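Take a look at the structure below.
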Amino acid sequence: MSLPTSAYAAHSPTDELAPWSFERREPGAADVLIDIAYCGVCHSDIHFARNEWGFSQYPMVPGHEIVGHVVRVGDGVTRWKAGDRVGVGCFVDSCRTCPSCLEGEEQYCDSGSLFTYNGTDKNGVITYGGYSTQIVVDENYIVRVPESLPLDAAAPLLCAGITTYSPLRHFGAKAGTQLAVLGLGGLGHMAVKFGRAMGCEVTVLSHSPSKEADALKLGAHHFVATNDPEVFNTHASKFEMILNTVSAEHDYNAYVGLLKRDGQMVLLGAPNPSPLSAFPLLVKRRSISGSLIGGIRETQEMLDFCAEHGIVCDIETIAMSEINVAYERMMRSDVRYRFVIDMATLK
Ligand code: NAP
Ligand code: ZN
Ligand code: ZN
Numbered sequence: 019m020s021l022p023t024s025a026y027a028a029h030s031p032t033d034e035l036a037p038w039s040f041e042r043r044e045p046g047a048a049d050v051l052i053d054i055a056y057c058g059v060c061h062s063d064i065h066f067a068r069n070e071w072g073f074s075q076y077p078m079v080p081g082h083e084i085v086g087h088v089v090r091v092g093d094g095v096t097r098w099k100a101g102d103r104v105g106v107g108c109f110v111d112s113c114r115t116c117p118s119c120l121e122g123e124e125q126y127c128d129s130g131s132l133f134t135y136n137g138t139d140k141n142g143v144i145t146y147g148g149y150s151t152q153i154v155v156d157e158n159y160i161v162r163v164p165e166s167l168p169l170d171a172a173a174p175l176l177c178a179g180i181t182t183y184s185p186l187r188h189f190g191a192k193a194g195t196q197l198a199v200l201g202l203g204g205l206g207h208m209a210v211k212f213g214r215a216m217g218c219e220v221t222v223l224s225h226s227p228s229k230e231a232d233a234l235k236l237g238a239h240h241f242v243a244t245n246d247p248e249v250f251n252t253h254a255s256k257f258e259m260i261l262n263t264v265s266a267e268h269d270y271n272a273y274v275g276l277l278k279r280d281g282q283m284v285l286l287g288a289p290n291p292s293p294l295s296a297f298p299l300l301v302k303r304r305s306i307s308g309s310l311i312g313g314i315r316e317t318q319e320m321l322d323f324c325a326e327h328g329i330v331c332d333i334e335t336i337a338m339s340e341i342n343v344a345y346e347r348m349m350r351s352d353v354r355y356r357f358v359i360d361m362a363t364l365k
């Protein structure tokens, strides 16, 4: 028995996404069947759909910012029941025994976590993501969406939210930290909200001067338009941490110069690599690091933090059929600040 599922899929790096259908597995003893209400649209979906990272498998059903309701559960499931409001993020399984898995950092699993889409599971089956009506997921890779968070505006927390929350926590953002958020898109706007909630002094660095008013409304204290080259002098050596969320190729070195002594730039965006010079790093003992989403436990912590602080994403809801237009708008940095697909439009 299997479950017929409607979806939108990419069939090649150059085709637009189009309606498609496939079969989900019948839930096993440890599985949960989720009716998908909304799915956020992450820039990684575009990188994957267009094979910009070189390991895409087609047909591909993108989508890893999934929220919905539990429909039914397998015999062995104790933590979830029909009707629960739940979320699924970027991965749906991992080895469960390596040090990273045991420490709740499953995204860094030594065997590689199983991506929600474009992954190959232990039975050799390719995973399909949230641009679909339903999904079957192991009960240990699901989080609870607090009642106070609207499902649509909570969906992007499953990737954009955790990807910005996790490095702020891990690298010790706190009251008074001089934090810069580079790129005000889906990730960037959540970084502003979390930075503000953690008491940081938040500056947005953006190549879109038209976003200034939004940045301040989202909670930033300052806005710097990076298309004026002079700002790299006036803001030199200013920030303790830069969260770099830019999705397109850009010069890392220029931004390293904005870090204080011992400051660090955390790469979250994953464009083609840019050459890196040693000098801007060594003259002030600056560093560059990276961070990948967050583990299940921390994703739940982030959702609870959002409920406590009244944080949700700023979204524009779209019908499934509008996905290709949404991708084009994201390529023009024209998203305020996350597209979320209403899956009722596919049912
Ligand atoms: P997004 O909503 O499209 O936002 C990206 C932002 O980057 C844009 O809004 C724009 O901000 C800036 N930007 C775009 N093109 C630029 C250019 N040519 N020069 C300078 N800035 C430019 O994308 P997103 O969903 O936030 O994702 C951002 C990146 O993070 C993607 O590469 C994605 O794959 C990656 N990602 C990584 C993780 C992780 O775990 N590390 C998780 C999710 C996503 P301004 O208009 O303000 O300049
Ligand atoms: Zn994502
Ligand atoms: Zn592992």
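Take any residue in the sequence shown, note its place counting from 1, add 18, and you have its number in the numbering used here.
We treat Cβ as the ideally placed atom computed from N, Cα and C, and that holds for glycine.
In this text, all values refer to a predicted model and were calculated from it rather than measured experimentally.
Cα-Cα separation between residue i and residue j, rounded to whole angstroms
i: proline 298; j: histidine 268; result: 16 angstroms
i: proline 289; j: alanine 27; result: 23 angstroms
i: glycine 222; j: valine 79; result: According to the sequence provided, residue 222 is valine. The question's glycine does not apply to it. Cα to Cα, valine 222 sits roughly 33 angstroms from valine 79.
i: asparagine 271; j: arginine 304; result: 11 angstroms
i: methionine 259; j: glycine 281; result: 6 angstroms
i: valine 264; j: arginine 279; result: 23 angstroms
i: methionine 361; j: isoleucine 144; result: 22 angstroms
i: valine 284; j: isoleucine 306; result: 6 angstroms
i: proline 293; j: glycine 275; result: 15 angstroms
i: histidine 239; j: aspartate 102; result: 38 angstroms
i: glycine 194; j: threonine 96; result: 43 angstroms
i: glycine 201; j: serine 309; result: 16 angstroms
i: lysine 192; j: glycine 137; result: 36 angstroms
i: serine 129; j: glycine 142; result: 15 angstroms
i: valine 249; j: aspartate 232; result: 20 angstroms
i: methionine 348; j: threonine 115; result: 38 angstroms
DSSP state of residue i mapped onto helix, strand, coil
i: lysine 192; result: coil
i: cysteine 119; result: helix
i: glutamine 152; result: strand
i: valine 242; result: strand
i: leucine 310; result: coil
i: isoleucine 54; result: strand
i: tyrosine 345; result: helix
i: methionine 368; result: Any property of residue 368 remains undetermined from this structure, which presents the chain solely from 19 to 365.
i: proline 37; result: strand
i: threonine 363; result: helix
i: isoleucine 64; result: helix
i: aspartate 128; result: coil
i: tyrosine 135; result: coil
i: arginine 42; result: strand
i: aspartate 332; result: coil
i: valine 249; result: helix
i: methionine 216; result: coil
i: isoleucine 180; result: helix
Which residues DSSP lists as bridging residue i, in chain order
i: asparagine 262; result: Leu200 and Leu285
i: alanine 172; result: In DSSP, alanine 172 forms no bridge with anything.
i: leucine 223; result: Leu200 and Val242
i: histidine 268; result: Histidine 268 pairs with nothing; no bridge assigned.
i: arginine 356; result: Ile333
i: leucine 277; result: Phe257
i: serine 305; result: Gln282
i: methionine 78; result: Ala28
i: leucine 367; result: In the structure as shown, the chain starts at 19 and stops at 365, and residue 367 therefore has no counterpart that could be examined.
Sequence-distant residues of the same chain with beta carbon closer than 8 angstroms to residue i, five excluded per side
i: proline 227; result: Ala243 and Asn245
i: alanine 171; result: Val330, Cys331, Asp332, Ile333 and Val358
i: alanine 25; result: Pro37, Trp38, Ser39, Phe40, Val79, Tyr146, Tyr149, Ser150, Thr151 and Leu364
i: arginine 43; result: Ser20, Leu21, Asp49, Val143 and Val154
Any non-hydrogen atom of ligand 5 closer than 6 angstroms to residue i Cβ
i: aspartate 128; result: Judged by which ligands are present, ligand 5 is missing from the structure shown, whose ligands are ligand 1, ligand 2 and ligand 3.
Residues of its chain near residue i, where Cβ-Cβ distance is below 6 angstroms and the 5 sequence neighbours each way are ignored
i: glycine 58; result: Glu83, Ala173, Pro174, Arg356 and Val358
i: cysteine 108; result: His82, Thr134, Cys177 and Ile311
i: cysteine 119; result: Ser112, Cys113 and Cys127
i: tyrosine 183; result: Phe212 and Met320
i: glutamate 230; result: Phe241
i: proline 168; result: none
Residues near residue i in its chain [Cβ-Cβ closer than 7 angstroms; skip 5 each side]
i: glycine 94; result: Ala47 and Ala48
i: glycine 372; result: The question about residue 372 has no answer here: the residues shown for the chain are numbered 19 through 365.
i: cysteine 60; result: His82, Glu83, Cys177, Ala178 and Gly204
i: glutamine 318; result: Val161 and Arg162
i: tyrosine 345; result: Ile64
i: serine 295; result: Asn271
i: alanine 325; result: Pro164, Ser166 and Leu167
C-beta neighbour in chain D for residue i, strict 7 angstroms
i: glutamate 41; result: Of the protein chains in the structure, only one exists, and it is not chain D.
Are three or more beta carbon pairs between the stretch 161–181 and the stretch 201–208 nearer than 8 angstroms? The stretch 161–181 vs the stretch 201–208: in contact.
Cβ contact (3+ pairs, closer than 8 angstroms) linking the stretch 139–154 and the stretch 51–70: yes
Do the stretch 61–79 and the stretch 20–38 make contact, defined as three or more Cβ pairs closer than 8 angstroms? yes
Is the stretch 98–112 in contact with the stretch 122–138, if contact means three or more CB pairs nearer than 8 angstroms? yes
Quick test of the definition: if touching needs 3 or more C-beta pairs under 8 angstroms, does the stretch 158–166 touch the stretch 313–331? yes
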